[in-house]
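Enquirer:
Protein chains in written order, with this note's numbering: chain A, 36 to 385; chain B, 273 to 534.
1. Rounded to whole angstroms, what's the CA-CA distance from residue 281(A) to residue 199(A)? Just pull it up for me.
2. For residue 521(B) and chain A, any beta-carbon pair shorter than 8 Å?
3. Use the C-beta contact count for residue 335(B): other C-beta atoms within 10 angstroms, 16 or more gives buried, fewer gives exposed.
4. Per DSSP, which residues does residue 327(A) bridge with? Please list them.
5. Where in the region 228-287 of chain A do unbroken runs of the alpha helix (DSSP H), each at least 4 residues long, occur, reported from the N-terminal end onward?
6. For residue 520(B), tell me which candidate among 322(B), 456(B), 481(B), 369(B) has the shortest Cα-Cα distance.
7. Taking CB distances under 8 Å as the criterion, tell me whether residue 85(A) reaches chain B.
8. Under a Cβ-count criterion, where at least 16 other Cβ atoms within 10 Å of its own Cβ denotes burial, should residue 280(B) be classed as buried or exposed?
9. In the DSSP assignment, what residue or residues form a beta bridge with residue 46(A)?
10. Are there 16 or more other CB atoms within 10 angstroms of the CB of residue 332(A), so buried, or fewer, so exposed?
11. Can you name the residues of chain A whose CB is closer than 9 Å to the CB of residue 456(B)?
12. Run through DSSP, which three-state label would residue 292(A) get?
13. Tell me the DSSP bridge mates of residue 79(A)?
14. For residue 438(B), go through chain A and note every residue whose CB falls closer than 7 Å to its CB, in chain order.
15. Which residues of chain B have a Cβ atom closer than 7 Å to the Cβ of residue 137(A), listed in chain order?
16. Looking at residue 245(A) and residue 76(A), is the spacing between their C-beta atoms short of 8 Å?
17. Quick check on residue 301(A): buried or exposed, where buried means 16 or more other Cβ atoms within 10 Å of its Cβ?
18. Apart from the five residues just before and just after residue 377(A), which ones in its own chain have a Cβ nearer than 6 Å to its Cβ?
19. Against chain A, does residue 493(B) count as a neighbour if the rule is that its beta carbon must be under 8 Å from one of theirs?
20. So which residues on chain A does residue 427(B) lean against when the C-beta distance must stay under 9 Å?
21. Please report the distance separating the alpha-carbon of residue 305(A) from that of residue 143(A).
22. Just tell me which of 201(A), 93(A), 131(A) has its CA closest to the CA of residue 174(A).
23. Just to check, is the beta-carbon of residue 504(B) closer than 7 Å to a non-hydrogen atom of the ligand FMN?
24. Grab the span of the alpha helix (DSSP H) containing residue 483(B) for me, first residue to last.
25. Taking the straight line between their C-alpha atoms, what separation do you get for residue 58(A) and residue 79(A)?
26. Do you know how far the Cα of residue 371(A) is from the Cα of residue 361(A)?
27. When the Cα atoms are used, what is the spatial distance from residue 373(A) to residue 364(A)?
28. I'd like the span of the alpha helix (DSSP H) that includes residue 95(A), first residue to last.
29. Suppose the cutoff is 6 Å on Cβ atoms and the five residues either side in sequence are ignored; what does the same chain contact list for residue 396(B) look like?
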C-alpha cells in the first residue's frame, strides 16, 4: 500500500479540457472518493493513475516515487471497472490468480493465495465456475479478489456498485469498506452517488468540470460546501440573497436578524431539510404550497415565496396540502453562506 | 405450412448432393431409369489407388490450404484489431480496400499479380500459389475478426494490462482465447475459399502446382460423371472433416464449455 500524490494533472481530449490542474494527496490506507456528475473527469483521473490514459501535464507519485514513465503492467495500481471485466473464458480461480500467473509465481503459491482470497471474499464453492454462472454480487467480489491478489499499491474502483440492485449495493458498500479498513488498503473510488460517497469515504473530493472544488471529510463537504457549485451538486436548492443594513439582513423574503458586518452582500444556502414551515407561526416569510410529493419515508414541498420557490423536505406527515398558506423560517445562525463582495468573486460563488 | 417450407428448403439443398452421391457409386445411369441398376466403386478405387496420385494431391492440397489459412489469419488479426481500436488517417479507405478482392473479379487481380510474380520468380511455385490464395481470403478474415474485436472491445485487454500482463501475455491469455470463435469461423471460410480455387491456382501455378480442385476439373469437363462425382464427394467430405477437426481441436485446446465457444 502506498501514499499517492497527484501534482497539477491536466488532460484534454480534442481541445476539450477534461481535467484541469488537479492536486490531490491520498494517505496510505485511506479511502478517497472522487465524487462528481458524469463528464466531470473522474474516470479520466482514475485511468490516469492506472496508466490507461496518458496525461498532458503533471505527475503522479506513489510513495514520492514518480510513476509517469512506468508502464501500465508495472504500476501495481489495479483498476476495478464498473463492468468488472472478468475474463469470461477462465474459472473464478483462474481469474483471481491471473495477475500472479502473469508475474511468474509458482503454482503452489498462486493456489495458496487464491484460496485465501476465496475465503476472505466469501466465494467458497464457486471456484471452478465461470463468470457467467455466478450472481452480480459474486462477480463484484471476484473482481475485487482478482485485484487484491497482486497486492496493489492502490486499488482504484470506478463506479463499482452502479450495476447492483439497491440492497446488494448497500451490502457491498459495507463489505468493501470493512475490507479496506481491515487490510489497510489505499483506495480511490469514483462515484456519482452522493450517499455512497459520504457513507464510505475517509475523504471526499468533489470534482466539477475537471477541477477539484473541495477535498475534505464527508461531513465537512456536506455541511460546509466550499462553493455554490458544490452546494448545488449536493442538492441544496434554496438560495437566499441579501445585504446587511442597520444590523439586519434584508432579503426579498423579508428582514432577518444577523450578526454580520454592515454593507456585506451575502448568499445563504439552505438544504431542503433545514427549512421550517408552519401555518400557525407568527414570524417568517409568507408562502403558498404549490406542490407536494409523497416519497414514502419523506415528503417534499415546493413553496412559492414572493418570486422564489423554496424546496422543503420533511419526515413529519403534516397535513399540509397544495394551496395552503404557510410561514417559512430559516435558521440563519447555523446556515452556510457565501460572501458576494463587489469584486469578481461574485461570479465565482454565485 | 412452415414445416413444409422447411422440408422443401432442406430437400432443395440436399437433392443435388444426393444425386451426386448416387452418381459416385454408379457405372451407368441412362434415362429413363429412376434408380440406376449398375453400381461400381470405380471412382473411389481410383481416388485411393496409389498410382493415380489422387490421394497425395488431396493431402498436399489440404496442407497448402491450411498454410494459406494460417497466413491469412496472421495478417487479419492485427489488421482487424487496428481498424477496430485505432483511429488513423485513411481508415475508411482501408476498410473499402480490404473488401476489394470481393468486389473486383479475382481474374483481373490475378492477371496483374501474375506479371509481377513472373518478374519476382514466384510464378509456377507453391509459394506463389499460397500468396495468391491469401488475397481472396483477406476480406473474410478481416471482416469477421473486426466484428469480433468490436464486440469484445479493448477494455478486457486493458484490465489484463492493469493486472500486470505484458502486451505479449495479454495477447496470449486474453485476446487470442476471446477471438477464437471468430478465428474458427474465419479460418473455415478462408480454408474453403482457398481449397476451392481453380483458376488463380492454374494461372499462378502454371499447371505445375496441382491442387485437388485442378485435379478434379478434367473429370467434370470430360463427362466422366462417376469419377467426377466420387472425387467431388471426397472434396466435400475433406472440407467438412478439416472444418470439424479445427473446431474440435480449438475447443479442446482452450477447454471451452459449449456455452462460450460456438
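Using N, Cα and C, we set each Cβ at its ideal position, and we do this for glycine too.
Values in this document were obtained by computation on a predicted structure and should not be read as measured data.
Expert: In short, the structure shows the following:
1. Residue 281(A) and residue 199(A) have their C-alpha atoms roughly 56 Å apart.
2. It does not; no Cβ of chain A falls within 8 Å.
3. So residue 335(B) ends up on the exposed side.
4. Note: residue 327(A) sits in a beta bridge opposite 336(A).
5. As far as the region 228-287 of chain A is concerned, its whole alpha helix (DSSP H) runs of at least 4 residues are 229-235, 253-258, 263-268.
6. Answer by Cα proximity: 456(B).
7. Taking a beta-carbon distance threshold of 8 Å, residue 85(A) counts as an interface residue toward chain B.
8. The Cβ neighbour count for residue 280(B), taken over all protein chains shown within 10 Å, is under 16; the residue is labelled exposed.
9. Bridge pairing for residue 46(A): 54(A) [DSSP].
10. Burial state of residue 332(A) is exposed, judged by a 10 Å Cβ sphere holding fewer than 16 other Cβ atoms.
11. Among the residues of chain A, none has a CB under 9 Å from the CB of residue 456(B); the nearest is roughly 14 Å distant.
12. Residue state for residue 292(A) is assigned as strand, using DSSP reduced to three classes.
13. Here residue 79(A) is not bridged, per DSSP, to any residue.
14. In chain order: 108.
15. Chain B residues near residue 137(A): 435, 436, 437, 441.
16. In this structure, the beta-carbon distance from residue 76(A) to residue 245(A) falls below 8 Å.
17. Its Cβ being crowded by 16 or more others within 10 Å, residue 301(A) is buried.
18. Per-residue confidence for residue 377(A) stands at a pLDDT of 49, beneath the threshold of 50, marking its modelled position as unreliable; no derived number is given.
19. So, not an interface residue.
20. Those within 9 Å of residue 427(B) in chain A are 116, 118, 120.
21. Their backbone Cα atoms lie some 60 Å apart in a straight line.
22. Closest option to residue 174(A), Cα to Cα, is 131(A).
23. With respect to the ligand FMN, the structure offers nothing, as it holds no ligand at all.
24. Here residue 483(B) belongs to no alpha helix (DSSP H), and DSSP marks it neither H nor E.
25. Distance between the alpha carbons of residue 58(A) and residue 79(A): 14 Å.
26. Whole-angstrom Cα-Cα distance: 24 Å.
27. For the pair residue 373(A) and residue 364(A), the Cα-to-Cα distance works out to about 19 Å.
28. Note, residue 95(A): premise wrong, no alpha helix (DSSP H); beta strand (DSSP E) at 92-97.
29. Hits under 6 Å: 478, 480.
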